[in-house]
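Remarks on the structure that follows.
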């Protein structure tokens, strides 16, 4: 049932002075994964409601949202893809209950810190670094960090939910997309990667169409 497409290619070049792969060697593209409910009749839906902000996934108990200019650009890219598939966007929140589909866009950014060489008996191999390091063998800890991010898109069926779904305040997700990968220091470049990932998610989901 799952469709899994990889846009990320790992180029682990062996460089004599590196203990770990250089993150700059990773492909700039994000990994895009999509999945969908094969029982869903996508051509039976005509309208959708897409909020004007992106839900931020973090450890906070209170919901927080991303709504600046970059967020609006991502939201518009999602809307453009749905519009091209024949769906009509409902923009007024007062009429969102009239929509056939709900669109949830979420974003997660996190930093991972790695500490190496700080364990008893974990000594650097002097030969690895070259003979000129001579008697240097004390296991000084090496610390580095890297940033990743993920954009999640979901389509929810808002038409005729079952009573059990109504009672539990849950709606069926009929399409799921996750684009994840390395987050660079350049916000414009990161935005371009996220926009490309949105397009790729829809490109590998040809079944999403109001005109099948």
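Numbering (our numbering), first residue to last: 1124 to 1335. For glycine and all other residues, C-beta sits at the position ideal for the given N, C-alpha and C. Quick caveat: nothing in here was measured; it's all calculated off a predicted structure.
Could you check the C-alpha separation between residue 1244 and residue 1267 for me, to the nearest Å? Here the model assigns residue 1244 a pLDDT of 49, short of 50, so the residue's position is not dependable, and the following value carries that caveat. Going from the Cα of residue 1244 to the Cα of residue 1267 covers about 21 Å.
Excluding the five sequence neighbours on either side, which residues of its own chain have a C-beta within less than 7 Å of the C-beta of residue 1301, listed in chain order? 1156, 1273 and 1275
Contact test: residue 1198 Cβ vs the ligand SAM heavy atom, cutoff 7 Å: Looking for the ligand SAM in the displayed structure turns up nothing, as the structure carries no ligands at all.
Through-space distance from residue 1234 to residue 1204, alpha-carbon basis: Each residue's Cα considered, the two are about 30 Å apart.
Mind checking residue 1260: buried by the 16 CB within 10 Å criterion, or exposed? Interpretation of residue 1260 is limited by its pLDDT of 47, a score under 50 that renders its predicted location unreliable; no figure is taken from the coordinates.
Using a threshold of 8 Å, state whether the C-beta atoms of residue 1188 and residue 1177 are closer than that. yes
Would you please verify whether the beta carbon of residue 1332 is less than 8 Å from any beta carbon of chain D? Chain labels in this structure do not include chain D; a single protein chain is all it has.
Only counting runs of 3 or more residues, tell me where the beta strand (DSSP E) segments fall wholly within the segment 1166–1233, in order along the chain. 1170–1172, 1177–1179, 1187–1189 and 1211–1213
Where does residue 1334 sit, in a helix, a strand or coil, going by DSSP? coil
For residue 1331 and residue 1236, I'd like the C-alpha separation in whole angstroms. 39 Å
Relative to the C-alpha of residue 1152, which residue among 1324, 1334 and 1319 is closest? Here the closest residue by C-alpha is 1319.
Helix, strand or coil: which one does DSSP assign to residue 1151? coil
Can you pull the DSSP bridge partners for residue 1235? Beta-bridge pairing links residue 1235 to 1269.
Which same chain residues, not among the five before or five after residue 1210, have their C-beta less than 6 Å away from its C-beta? 1171 and 1333
Rounded separation between residue 1296 and residue 1173 - CA only: 14 Å
Start-to-end residues for the beta strand (DSSP E) that takes in residue 1303: 1296–1305
In terms of residue numbering, what span does the alpha helix (DSSP H) encompassing residue 1163 cover? First-last for residue 1163: undefined, no H or E at that position.
Within 8 Å, strictly: CB atoms of residue 1294 and residue 1279: yes
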